[in-house]
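Under the working numbering, the residues of the sequence shown are numbered 41 to 166, in order. Backbone N, C-alpha and C fix where the C-beta goes; we use that ideal spot for every residue, glycine too. See below for the structure under consideration.
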Amino acid sequence: MSGKPGVVLFAHGSRDPRWAEPFERLRDKVVAQRPDAIVCLAFLELMTPSLADAVAALVSQGCDDVSVVPVFLGQGGHVRRDLPVLADACRSAHPGITLRLSAAVGEDDTVLQALASYCANEVVRR
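Shown next, in the form of structure tokens:
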């Protein structure tokens, strides 16, 4: 394998395809900042690809080091219970890779500060 790192931005999913648009823009921004990595989206439900399919695609492209970043505001049940089970299944399916789980993005102070700034600026604009 080439050892090229993979990044999976993992989100919930929705029946409305427009819901994915900000996640696609986020993916494009991560690609611009990490041209050395292969970056993709995956969804828990209602949209594709699934985490298993995204990890399989990364492995087929030569990734053997994969980071899964939950694009959730908090560590709710999906992140605490569902994601570890899905990640373990990916590890079992691809025993030659390293697969790491990040904390939910909303747990990071930098992300919260950006959201707070946006919210505060929205109040000023009105």
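Look at the alpha carbon of Arg121 and the alpha carbon of Val48, and state the distance between them as a whole number of angstroms.
So the two alpha carbons sit approximately 18 angstroms from each other.
Per-residue DSSP class, three states only, for Leu155
Here DSSP, grouped into helix, strand and coil, assigns Leu155 to helix.
DSSP has Ala51 in a bridge; who is on the other side?
DSSP output for Ala51 lists Phe83 as bridge partner(s).
Quick check: Asp93 and Pro45, are their CB atoms within less than 8 angstroms of each other?
No, they are not a contact pair.
Could you tell me the distance, in whole angstroms, from the CA atom of Cys103 to the CA atom of Ile78?
Near 8 angstroms, if we compare the C-alpha coordinates of Ile78 and Cys103.
Where do the ends of the beta strand (DSSP E) carrying Asp105 lie?
Looking at the DSSP string, the run of the beta strand (DSSP E) that includes Asp105 is Cys103 to Pro110.
Under 8 angstroms Cβ to Cβ from Ala133, same chain only, skipping five residues before and after it: list those, please.
Around Ala133: Ala92, Val95 and Ala96.
Sorted by chain position, which residues of the same chain lie with C-beta nearer than 6 angstroms to Met41's C-beta, five sequence neighbours on each side aside?
With a pLDDT of only 46 at Met41, under the threshold of 50, the placement of this residue in the model should not be trusted; the figure read from the coordinates follows. So the list reads Gly102 and Asp104, once near-sequence residues are dropped.
Please report the residue range of the alpha helix (DSSP H) in which Leu113 lies.
Here Leu113 belongs to no alpha helix (DSSP H), and DSSP marks it neither H nor E.
Using DSSP's beta-bridge definition, name the partner residues of Ile78.
For Ile78, which the question treats as bridged, DSSP gives the partners Gly46.
Go through its chain and collect everything with a Cβ distance to Ser142's Cβ below 7 angstroms, but skip five positions before and after it.
Excluding residues within five positions, the ones whose Cβ falls inside 7 angstroms are Ser107, Val108, Val109 and Pro110.
Nearest residue (CA-CA) to Arg55, options Val163, Leu66 and Phe83:
For Arg55, the nearest C-alpha among the options comes from Phe83.
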